[in-house]
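Heads up, the thing below is written out as structure tokens.
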Amino acid sequence: MAGERSEITRERAQPSAKPPHPSTGRDPTASFIVCTYNRAEALQTCIRAIEAACRAHASMTSELVVVDNGSTDDTAERLARIAATSSMTITPLVEHRRGLAAARNAGIERSRGHILIFIDDDCEIDLHYLRDLERHYANGERCVVRGGRVELGNALDLPFTIKRSPHRARFTPDVHPGGFVLGCNMTMHREVAMQVGRFDERFGAGSALQSAEDTDYLVRAFQLGIPIEYVPDMTVLHNHGRSTREAIEGLHRSYSLGNGGLCLKHLFTAPWLLRHFCWTCRSAWWELWGGSRFDPEVSLSHWPIVYMNLLGAVEFARHAVMKLPRSPEPDQIKQATRSLR
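FYI, the UniProt record's numbering numbers position 97 of the sequence shown as 97, with every residue one higher than the one before it.
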């Protein structure tokens, strides 16, 4: 348990590559942080939606920080053209450290807003997003991580990586934190980000564990007594582009890999994560005897979750003990789980 507390302390105390901008009276109220990698077309659509929302609610001053995580397409050129003509302040960054968590850390460091808004590059925010956000933060509660509704941006995509609940809710350990608030639509006051600390760069797309950097952040916030809240507005449209079951299975395996590492990382300070793993094992067993699947709509099984959770725990232990910089290749993951499809 002492070792786990030390791990969290290191995450909170780790120095930034660049110091945050000092807070001044001219700082914007909100900072949109968008991390991108080889999605120039989608990024342009994402930025236009943010610009439109900012024009629709001009009373809230906003900025946009875009972190390019080493794109090899024309992202840099397009972003430079957009930033030169945009009506809002756009700060383009290049972060060469691989992974979404590293890019998000860079975005936090360069942002100046009092409220941080994390939006993925394949998403479009609703025109009234800032109006909804301002209403939720107007009660003066600053110590909260809050996420909003996530809908499909394309009806041809399969219903995955979305959050459609019509009910406002606060997180409890009775549910798994993965997907309670989605990283593509997550907000918090800067003070909360400073308290929780940096995203763990072993997690997230492009990293060793491929996912769960947002879930890890939620777990750490909850451990500090910070409420996690979902609201059924603050809507984002997610254009994830996955229209085949095979594509969803690949994403599902990545999520399960990250969640396995997450379970081991927080084994002593958040043992309720292990309880969820045990429940998954039980559901997988009952599935053999006609029980329901994890996601009947897409026909996903519990068995790949169990297998990838175990693989993720092993991968996390390997990196934690040996401090290996290399991530597992996606082809290795596919080969390891091909028999489970």
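For glycine and all other residues, C-beta sits at the position ideal for the given N, C-alpha and C.
Just so you know, these numbers come straight off a predicted model, no measurement behind them.
- Checking the DSSP bridge columns, you'll see Val67 partnered with Cys35, Leu93.
- In the three-state reduction of the DSSP assignment, Ser62 falls in the strand class.
- The beta carbons of Ala317 and Leu264 sit about 6 Å from each other, so the pair counts as a contact at 8 Å.
- Leu182 is positioned such that its CB atom lies closer than 7 Å to that of Val150.
- Across the structure, Ser71 and Thr36 are spaced so that their CA atoms are roughly 8 Å apart.
- By alpha-carbon distance to Arg253, the top candidate from Phe268, His302, Gly153, Thr61 is His302.
- For Thr187, the pairing in a beta bridge is given by DSSP as Ile117, Arg146.
- In summary, Asn139 is exposed, with fewer than 16 beta-carbon neighbours lying within 10 Å of its beta-carbon over all protein chains present.
- Between the segment 165 to 179 and the segment 95 to 108 there are fewer than three C-beta pairs closer than 8 Å, too few to call the two in contact.
- Taking the Cα positions, Leu133 is about 6 Å away from Met234.
- In the displayed model, Ala102 falls within a helix according to three-state DSSP.
- Distance from Val298 to Ile248 at the Cβ level is roughly 5 Å; contact confirmed, criterion being Cβ atoms closer than 8 Å.
- Counting along the chain, no beta strand (DSSP E) covers Val181, and no H or E run does either.
- When Cβ pairs closer than 8 Å are counted between the two stretches, the segment 283 to 293 is seen not to touch the segment 193 to 207, the count staying below three.
- In the DSSP assignment, Leu237 falls within the unbroken beta strand (DSSP E) covering 236 to 238.
- Burial is judged here by how many other beta carbons sit within 10 angstroms of a residue's own beta carbon; Asn309 has at least 16 and is buried.
- As DSSP reads the structure, Asp295 sits in a beta bridge with Leu300.
- In terms of Cβ geometry, Ser31 and Leu127 do not form a close pair [threshold 7 Å].
- Ser256 has its alpha-carbon roughly 14 Å from the corresponding atom of Ala284.
- In this structure, the beta-carbon distance from Leu130 to Ile90 does not fall below 7 Å.
- The Cβ atoms of Ser243 and Asp122 do not sit closer than 7 Å to each other.
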